[in-house]
Amino acid sequence: MSIEGETCTENNGSTAHCACSATHGTELLSNFVLPPQMRPLTVRPIHIPLVDLALLENADTRPQVLDQIHKACCEWGFFQVVHHGVSLDVLSDLRTSLNEFFSLPLSAKSEKGLLIGDSGQGYGTGFVDPKSGATEWKDYLLFHTYPTSNRDYSKWPSTLRNDIELVSGELLALSQKLLAIISESLGLPSSSIENAMGMLHQKILAAHYPPCPQPEVAMGSCEHTDIGIITCVWQASEDVVSLQVLKDEQWHSVEPNPSAIVVNIGDQIQIFSNGKYRSGPHRVVLNASKPRLSVVAFHNPSASTLVSPSKSLVDEQHPPKYNPTLFKDYANIHRISAV
1 MSIEGETCTE NNGSTAHCAC SATHGTELLS NFVLPPQMRP LTVRPIHIPL
51 VDLALLENAD TRPQVLDQIH KACCEWGFFQ VVHHGVSLDV LSDLRTSLNE
101 FFSLPLSAKS EKGLLIGDSG QGYGTGFVDP KSGATEWKDY LLFHTYPTSN
151 RDYSKWPSTL RNDIELVSGE LLALSQKLLA IISESLGLPS SSIENAMGML
201 HQKILAAHYP PCPQPEVAMG SCEHTDIGII TCVWQASEDV VSLQVLKDEQ
251 WHSVEPNPSA IVVNIGDQIQ IFSNGKYRSG PHRVVLNASK PRLSVVAFHN
301 PSASTLVSPS KSLVDEQHPP KYNPTLFKDY ANIHRISAV
């Protein structure tokens with residue numbers, strides 16, 4: 001299990017290599033090359049479960065949606081949602097601004113004073129995967145969005161601030177709605193997960209994966225699960241199939257749906273559900289000719305939250321599979337990169 005990228009080893013100073021320049025001609029620098037057994041294989045695209053949230057408003061179709069989410073959380077740890085309430089126009093505007101930012105040379109980004117600092121926010125490049133020792137092929141912007149007191153606007157590009165504020169608020173509302181639905185799908189009151197986890201702490205990651213001259217030996221994001229509660233992902237590059245999820249020991253590519261938000265269950269829901277719902281392993285593979293952009297909203301408990309299996313899901317036949325653990329302690333143990 002893992003934590004999102006801001007806790008990982010980063011190359012974000014003057015010696016950093018922007019992924020798009022970290023080559024010798026057509027060959028990658030050695031620190032980007034994965035061991036042979038960890039390199040990506042070609043897999044066929046698949047459509048993970050697609051949930052229409054509008055059907056929750058109808059008493060006749062609501063049970064079907066809850067059952068669909070239950071099965072997706074048990075089998076995949078992933079699903080997609082439409083009619084989710086996040087403005088596609090705002091997402092499109094954000095994509096345009098992000099593409100403009102990531103097209104700037106590394107020196108220009110550095111001159112803006114946006115390199116990640118003590119607040120853990122801003123521009124960075126080069127997560128190091130602890131399992132392989134390889135540097136992941138991506139650049140990113142990280143924003144701490146909720147609580148709003150965590151925001152470090154000095155590290156937010158001014159051209160992105162308005163759109164990030166709008167999108168983060170809508171993704172937070174979506175996540176709160178999803179947690180209520182997931183609680184119901186477990187047969188619990190809708191407030192169960194929210195009551196157990198407390199106020200959500202949200203971070204927005206804009207991840208940019210430049211074209212890679214050797215995509216068969218590198219990775220944009222190595223295999224991991226998300227350490228938090230729930231993650232919402234908008235695959236902003238409609239023509240690049242890069243996100244892969246692991247099910248039944250097989251990798252499956254998730255085709256982008258420009259109208260959908262990808263939802264993945266985090267480690268804390270796996271713990272809360274006593275293992276009924278799975279935190280889905282996933283990774284991001286690379287493309288030789290096209291960049292990939294994603295907007296990711298991580299939602300975590302506060303550091304002082306004690307997470308444990310729900311008492312309603314534990315009995316003699318289903319003893320607790322996990323010990324109660326403070327989220328900050330869990331986070332210190334599981335440090336790896338994310339989408």
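Mapped onto full-length UniProt numbering, the consecutive letters of the sequence shown carry residue numbers 1 to 339.
All residues carry an ideal CB built from backbone N, CA and C; glycine is no exception.
Taking the alpha-carbon of residue i as reference, which of the options has the nearest alpha-carbon?
i    : options                   : result
V90  : Y140, S242 and R161       : R161
L53  : L188, Y140, P63 and K247  : P63
E75  : I193, E184 and G280       : G280
F272 : S310, L178 and T305       : S310
L104 : Y140, C222 and G169       : Y140
E165 : D93, A218 and L186        : D93
H299 : V314, S175 and V43        : S175
I81  : A288, A303, W234 and M197 : According to the sequence provided, residue 81 is Val. The question's Ile does not apply to it. Out of A288, A303, W234 and M197, W234 has the C-alpha closest to the C-alpha of V81.
S242 : A218, T231, I229 and S302 : A218
S212 : I229, V240 and S107       : For the record, residue 212 in the displayed sequence is Cys; it is not Ser. Cα-wise, what sits closest to C212 is V240.
H318 : A288, K328, T325 and G275 : G275
V307 : G198, A236, E316 and C232 : G198
S168 : S30, G187, K109 and L142  : L142
T148 : S183, L200, P320 and I46  : L200
A173 : I230, W156, L106 and H208 : I230
P236 : Q250, W251 and P256       : Looking at the sequence itself, residue 236 is Ala, so the reference to Pro does not match. That would be P256, whose Cα lies nearest to the Cα of A236.
N332 : E216, N287, I116 and S304 : S304
F327 : S312, P301, L313 and V128 : P301
I46  : W251, R283, K177 and D315 : W251
S312 : L186, L28 and G77         : L186
L29  : H70, G126, L55 and L188   : G126
E57  : N99, K177 and H334        : K177
F32  : C73, Q214 and W156        : Q214
Would you identify the three-state DSSP class for residue i, choosing helix, strand or coil?
i    : result
A22  : Per-residue confidence for A22 stands at a pLDDT of 48, beneath the threshold of 50, marking its modelled position as unreliable; the derived number appears in the next sentence. Looking at A22 - three-state DSSP - the assignment turns out to be coil, as it is neither helix nor strand.
E216 : coil
A288 : coil
Q121 : coil
L66  : helix
K247 : strand
I48  : coil
E111 : helix
S168 : helix
Y153 : helix
D89  : helix
F298 : strand
L293 : strand
L306 : strand
R278 : coil
T9   : With a pLDDT of 32 at T9, under the threshold of 50, the modelled position of this residue cannot be trusted, and the question is left open.
L56  : helix
R38  : Sequence inspection shows Met at residue 38; the Arg mentioned does not correspond to that position. Three-state DSSP puts M38 in a helix.
A236 : coil
T148 : helix
S191 : coil
M197 : helix
I181 : helix
L104 : coil
I269 : helix
L160 : coil
What distance in whole Å lies between the Cβ atoms of residue j and residue i, which are believed to be in contact at a cut-off of 8 Å?
i    : j    : result
Q268 : R278 : Wrong, their Cβ atoms sit about 12 Å apart, outside the cutoff.
Y330 : I227 : 7 Å
T159 : S97  : 5 Å
Q121 : H84  : Not quite, the Cβ-Cβ distance comes to about 26 Å (not below 8 Å), so this is no contact.
V43  : S253 : 5 Å
D208 : K109 : Strictly speaking, residue 208 in this sequence is His, with Asp absent from that position. At roughly 11 Å, the Cβ-Cβ gap does not stay under 8 Å, so H208 and K109 are not in contact.
P40  : Q68  : Contact flag wrong, Cβ pair sits at about 30 Å.
Can you pull the DSSP bridge partners for residue i?
i    : result
N264 : F78 and T231
F143 : I204
S253 : P45 and Q244
T135 : V128
T225 : Per DSSP, none; premise fails for T225.
L94  : None, per the DSSP bridge assignment.
Y209 : R292
T325 : V307
R283 : Q244
Should the region 241-261 be regarded as contacting the region 149-167, the criterion being three or more beta carbon pairs within less than 8 Å?
no
Does the structure place the region 254-266 close enough to the region 192-208 that three or more beta carbon pairs sit under 8 Å?
no
Would the region 281-296 count as touching the region 178-193 if we require 3 or more Cβ pairs under 8 Å?
no
The region 215-227 contacting the region 133-148, beta-carbon criterion three pairs below 8 Å
Contact holds between the region 215-227 and the region 133-148, because three or more Cβ pairs, one in each stretch, are under 8 Å apart.
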